[in-house]
Amino acid sequence: MFVLAHLTDPHIGPLPRPRLRELASKRILGWLNWRRNRHKRHRVEILSDLIADLAAQKPDHTAVTGDLVNIALPDEFAATGEWLRALGPAADVSFVPGNHDAYVRSALAQWGKHWNAYMTGDGAADRGTGPRFPYVRRRGSVALVGLSSAVPTPAFLATGLLGHDQLARLETALQTLGAEGLFRVVLLHHPPYRTPASRHKRLVDADAFRAVLARAGAELVLHGHDHVHALMWLDGPGGKIPAVGLPSASATADGHHQPAAYNLYRIDGAPGAFTCEVLSRGFAPGAATITELARKNLSRPG
Ligand SMILES: [Fe+2]
Ligand SMILES: [Fe+2]
């Protein structure tokens, strides 16, 4: 059995004090929003409790699907690099970036500096190359395929884009890994389907992503971004593929947003007969401690 943990959207705070010139961009809006609302919603002590509970479960691997930072200040990146290293060694933690990690164009240069080892494929770090998506990591009978949907956008937009080239490489990778009989887990930040969240937050090429999945197949898709528990079944060549989202890993129960949670996937069986159970742990609304929230068999749609 392989146990995969998933958490997302930690939006790590508190925000370092920005320099004036760093606010001369879209960041000014994010900074005001953080000061007004978001610092109350995303709490570092909630995130610490969640990570302690997750560590006690001793997962074989942990996936983090983006939005580590808030307005992508240079000082935020240094702090989140340390947070990732505390979560586990790069061999055991896979990260894909979210829209907040690409809040301004200059943020992209920080990825390789602080997160490189956590978002590169097997052997890539040894070759000294930077992040290239999708990356592929094989762990026993499981393959992790990490995508980047994070692109800088104008103010008031939080859309994502995978792009034609990345989707082409994804299709090849999924076909190769499928032929190897591996349990393929695809990681991306934006939900790859239409959600109740408005149009300004969508994955622009979600249809093309789902078309790749329908042709090449995958066993599980994990995402973040909407900050809610979600389960959608996508079309695959051999049956339906579950796509699962989660609340922010630092969210307080404020009555308006779903409180912090993470998922544990227990993956067992063999090619053609894999089984997968998901167990959600987190804060129930109004609760001060972490408990089991739900348990579901994902081996069959329903
Ligand atoms: Fe987020
Ligand atoms: Fe996001």
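Numbering (our numbering), first residue to last: 2 to 303.
Glycine included, each C-beta is placed from N, C-alpha and C at the ideal position.
Note that this is a predicted model, so its numbers are computed, not measured.
Task: Opening and closing residue of the alpha helix (DSSP H) in which His-115 lies - done: For the purposes of this step, residue 115 is taken as the residue at position 114 of the sequence shown. Per DSSP, His-115 belongs to the alpha helix (DSSP H) from 109–116.
Open item on the list: I'd like to confirm something about Ser-1: is its beta-carbon nearer than 7 Å to some heavy atom of ligand 1, or not?
Closed with: In the structure as shown, the chain begins at 2 and stops at 303. Residue 1 is therefore absent and cannot be evaluated.
Open item on the list: Can you find the residues in the same chain that come closer than 6 Å, C-beta to C-beta, to Leu-145, ignoring five residues on each side of it along the sequence?
Closed with: Numbered from 1 along the sequence shown, position 144 holds the residue referred to as residue 145. Excluding residues within five positions, the ones whose Cβ falls inside 6 Å are Ser-95, Arg-138 and Val-186.
Task: Extent of the continuous beta strand (DSSP E) run through Gly-147 - done: Counted from its first residue, the sequence shown places residue 147 at position 146. Note, Gly-147: beta strand (DSSP E), 143–147.
TODO: Identify whether Thr-266 lies in helix, strand or coil by the three-state DSSP scheme.
DONE: Residue 266 sits at position 265 when you count from the first residue of the sequence shown. Going by the sequence as given, residue 266 is Tyr instead of Thr. It is a strand residue.
- [ ] May I ask which residues mark the beginning and end of the beta strand (DSSP E) holding Val-213?
- [x] For the purposes of this step, residue 213 is taken as residue 212 along the sequence shown, with counting starting at 1. Going by DSSP, Val-213 is part of no beta strand (DSSP E) but of the alpha helix (DSSP H) stretching over 207–217.
- [ ] Quick one: which unbroken alpha helix (DSSP H) runs of 4-plus residues sit fully inside the stretch 44–99? Chain order, please.
- [x] 45–57 and 75–88, all fully within the stretch 44–99.
Open item on the list: On a Cα-Cα basis, can you pick out the residue from Gly-239, Ala-262 and Leu-214 that is closest to Val-229?
Closed with: As a position in the sequence shown, residue 229 is number 228, starting the count at 1. When only C-alpha atoms are compared, the closest one is Ala-262.
TODO: Pull up the CB-CB distance for Ala-125 and Tyr-136, whole angstroms please, since I reckon it's below 8 Å.
DONE: Residue 125 sits at position 124 when you count from the first residue of the sequence shown. Residue 136 sits at position 135 when you count from the first residue of the sequence shown. That belief holds up - the Cβ atoms of Ala-125 and Tyr-136 are roughly 7 Å apart, short of 8 Å.
TODO: Pull every residue with its beta-carbon under 5 Å away from any heavy atom of ligand 2, and keep them in chain order.
DONE: What you get when you keep residues with a C-beta closer than 5 Å to any heavy atom of ligand 2 is Asp-68, Gly-99, Asn-100 and His-226.
- [ ] Just grab the DSSP bridge partners of Phe-284 for me.
- [x] For the purposes of this step, residue 284 is taken as the residue at position 283 of the sequence shown. According to DSSP, Phe-284 bridges with Ile-291.
- [ ] Count the C-beta pairs between the stretch 145–164 and the stretch 282–296 that are closer than 8 Å, then say yes if the count reaches three, no if not.
- [x] Taking a cut-off of 8 Å on C-beta distances, the stretch 145–164 does not touch the stretch 282–296, as fewer than three cross pairs fall below it.
Task: Closest Cα partner of Ile-291 within the set Gly-14, Asp-54 and Leu-24 - done: If you number the sequence shown from 1, residue 291 lands on position 290. Comparing Cα-Cα distances from Ile-291 to each of Gly-14, Asp-54 and Leu-24, the minimum goes to Asp-54.
TODO: Could you tell me the distance, in whole angstroms, from the CA atom of Asp-93 to the CA atom of Pro-132?
DONE: Within the sequence shown, the letter at position 92 stands for residue 93. Within the sequence shown, the letter at position 131 stands for residue 132. Asp-93 and Pro-132: Cα-Cα distance of roughly 17 Å.
Open item on the list: Rounded to the nearest angstrom, what separates Pro-90 and Ala-274 at their Cα positions?
Closed with: Walking along the sequence shown from the start, residue 90 turns up at place 89. Walking along the sequence shown from the start, residue 274 turns up at place 273. Approximately 31 Å between the Cα atoms of the pair.
- [ ] Give me whichever residues DSSP pairs with Trp-32 in a beta bridge.
- [x] The residue you call residue 32 lines up with position 31 of the sequence shown. Beta-bridge pairing links Trp-32 to no other residue.
Task: When Thr-9, Asn-34, Pro-243 and Leu-183 are compared against Val-65, the one with the closest alpha-carbon - done: On the sequence shown, position 64 is the one that residue 65 refers to. Ranking Thr-9, Asn-34, Pro-243 and Leu-183 by Cα distance to Val-65 puts Thr-9 first.
Open item on the list: Looking at the strands, I want to know which residues DSSP matches up with Gly-237.
Closed with: For the purposes of this step, residue 237 is identified with residue 236 of the sequence shown, where counting begins at 1. Beta-bridge pairing links Gly-237 to Gly-240.
TODO: Could you have a look at Ala-151 and say whether DSSP puts it in helix, strand or coil?
DONE: Locating residue 151 in the sequence shown gives position 150, where the first residue counts as 1. Secondary structure of Ala-151 (DSSP, three-state): coil.
Task: Nearest-angstrom Cα separation, counted from Leu-30 out to Asp-61 - done: The residue you call residue 61 lines up with position 60 of the sequence shown. The residue you call residue 30 lines up with position 29 of the sequence shown. Answer to the nearest angstrom: the Cα atoms are 39 Å apart.
Task: Cβ neighbours of Pro-155 in the same chain (closer than 8 Å, five flanking residues each side left out) - done: For the purposes of this step, residue 155 is taken as residue 154 along the sequence shown, with counting starting at 1. Sequence-distant partners of Pro-155 (beyond 5 residues in either direction) whose C-beta falls short of 8 Å from its own C-beta, in its chain, are Lys-27.
Open item on the list: Looking at the secondary structure, which residues open and close the alpha helix (DSSP H) in which His-7 lies?
Closed with: By one-based count along the sequence shown, residue 7 stands at place 6. Per DSSP, His-7 lies in no alpha helix (DSSP H); the unbroken beta strand (DSSP E) holding it starts and ends at 3–8.
Open item on the list: Taking DSSP's pairing of strands, which residues face Gly-246 in a bridge?
Closed with: Taking the sequence shown and counting its residues from 1, one reaches residue 246 at position 245. Ala-231.
Open item on the list: I want to know whether the stretch 210–230 touches the stretch 177–191 - three or more CB-CB distances under 8 Å.
Closed with: Segments in contact, yes.
TODO: On a CA-only basis, which of Pro-153, Ser-249 and Glu-172 is nearest Ser-107? Give me that one, please.
DONE: Within the sequence shown, numbered from 1, the residue matching residue 107 stands at position 106. Cα-wise, what sits closest to Ser-107 is Pro-153.
TODO: Using DSSP bridges, identify the partner residues of Gly-161.
DONE: Residue 161 sits at position 160 when you count from the first residue of the sequence shown. For Gly-161, which the question treats as bridged, DSSP gives the partners Leu-204.
Open item on the list: On the criterion of 16 or more Cβ atoms from any shown chain inside 10 Å, does Ser-281 qualify as buried, or is it exposed?
Closed with: Looking up residue 281 in the sequence shown gives position 280. With 16 or more Cβ atoms within 10 Å of its Cβ, Ser-281 is classed as buried.
Open item on the list: Let me confirm a value: Ser-150 is counted as buried when at least 16 other C-beta atoms fall within 10 Å, else exposed. Which label applies?
Closed with: For this step, residue 150 is matched to residue 149 along the sequence shown. Looking at its Cβ environment, which holds 16 or more other Cβ atoms inside 10 Å, Ser-150 is buried.
Open item on the list: Is Ser-249 close to ligand 1? I mean its beta-carbon at under 7 Å from any heavy atom of the ligand.
Closed with: Translated into the one-based positions of the sequence shown, residue 249 becomes position 248. Yes - ligand 1 has a heavy atom lying nearer than 7 Å to the Cβ of Ser-249.
Open item on the list: Less than 8 Å between the beta carbons of Gly-82 and Trp-112, yes or no?
Closed with: Taking the sequence shown and counting its residues from 1, one reaches residue 82 at position 81. Taking the sequence shown and counting its residues from 1, one reaches residue 112 at position 111. No, they are not a contact pair.
Open item on the list: Alpha carbons only, please: which of Leu-148, Gln-176 and Ala-180 is nearest the one belonging to His-166?
Closed with: Within the sequence shown, numbered from 1, the residue matching residue 166 stands at position 165. Strictly speaking, residue 166 in this sequence is Asp, with His absent from that position. That would be Leu-148, whose Cα lies nearest to the Cα of Asp-166.
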